[in-house]
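Below is one structure, written out as structure tokens; comments come after it.
In my numbering, the protein residues as written are 107 to 474.
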């Protein structure tokens, strides 16, 4: 089931391919035998972004290469037990500041249990390492954080001079072997940039972009008033879809936590990112601590102490969330398949991860 549209963006014809399969991207990862991990290997960073969910930037939790490999072996053995491929997004902090990064990527690159690797970076020092990164066949994407399409908008969030520095790096490497994906955290301060984001991404050589919501965690607690309401995030979806002449019911979009748009030559694909919690993914902190997702800051184990499969199968938190009837309020009786709301946002704003999603745009009164 597909809708094919043709439009003119940035003076070039773009073919829009919006299909049922593409919209259910993260659901299909599970169907295709994929498990996803966002691995934060470092807290250290050379930026102090206003919206960062970290508030600790020290090296205290970092592991040496031997313990990083021990965690990798834990992951690999669990994937072999499950008969599953593992996709890993390596990030931080700023991962390029960690000297063990390339040894770790090399180790993961050599395992048959590993599917695809990606790197999430702030992009300020990327061009210095890009040629070395191109040698890893499983490194399929480099995701670069940029939170505005202009210096004024981006630098208010990420720091003075950051926009120029990142774009200087991007222009040096955008013709390279590894596709560059723009990572955009949307909040009230940069909401007006959304309408122009596709043109900007295409013009600057990105192969797509990802839009995530801002969560008021870590340093972000200082700018809580910049969190979008549920209805504002719905408008982000509708703005992008309408831009390409496509419409969607808000009920069909509610279960997607993030938006991914990829450019394939003359085709553009939209992907909706479902919640991974308890389904097909986790997040790892630098010391091996396991979180249900990075913004769901409730530890459920440590991979230096237990196999992943034991944590995954025996976690009280995950098992509670696997039964929708344990949820509270409107989420408990929601009839939308595979939607449990955003448990991270519930925990962040209410302190109870079982509470109804305060940003559900189908809810009684979406917060903020």
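No residue lacks a Cβ here, since even glycine has one placed at the ideal position from N, Cα and C.
Please name the residue or residues paired with residue 399 in a DSSP beta bridge.
BP columns for residue 399 point to 402.
Assign residue 324 to one of three DSSP states: helix, strand, or coil.
Helix, per DSSP.
Based on DSSP bridge pairs, tell me the residues matched to residue 141.
Bridge partners of residue 141: 192.
Could you give the distance in angstroms between the alpha-carbon of residue 437 and the alpha-carbon of residue 358?
The alpha-carbon atoms of residue 437 and residue 358 are separated by roughly 15 Å.
Using CA coordinates, which residue listed in 243, 466, 168 is at the minimum distance from residue 341?
With distances taken between Cα atoms, residue 341 lies closest to 466.
Classify residue 449: buried if its beta carbon has 16 or more other beta carbons within 10 angstroms, exposed otherwise.
Buried: at least 16 other Cβ atoms inside 10 Å.
What residue ranges within the region 246 to 286 form continuous alpha helix (DSSP H) runs of no fewer than 4 residues, ordered along the chain?
For the region 246 to 286, whole alpha helix (DSSP H) runs of length 4 or above, ordered along the chain, are 257 to 264, 268 to 279.
Tell me which same chain residues have a C-beta within less than 6 Å of the C-beta of residue 468, skipping the five on either side of it?
So the qualifying residues of the chain are 360.
Verify whether the separation of the beta carbon atoms of residue 140 and residue 191 is less than 7 Å.
In contact: residue 140 and residue 191 (Cβ atoms closer than 7 Å).
Reducing DSSP to helix, strand and coil, say where residue 455 ends up.
DSSP places residue 455 in helix when its eight states are reduced to three.
Would you kindly check if the distance between the Cβ of residue 446 and the Cβ of residue 423 is under 7 Å?
No, the pair does not count as a contact, with Cβ atoms beyond the cut-off.
Report the CB separation of residue 366 from residue 316 in whole angstroms; it is logged as a contact under 8 Å.
Yes, residue 366 and residue 316 are in contact; Cβ-Cβ is about 5 Å, under 8 Å.
Quick one: what does DSSP say residue 289 is sitting in, helix, strand or coil?
DSSP places residue 289 in strand when its eight states are reduced to three.
Does DSSP put residue 425 in a helix, in a strand, or in coil?
If DSSP states are grouped into helix, strand and coil, residue 425 belongs with the helices.
Given residue 257, which residues of its chain have a CB within under 8 Å of its CB, disregarding the five upstream and five downstream residues?
Excluding positions up to five away in sequence, the list reads 269, 270.
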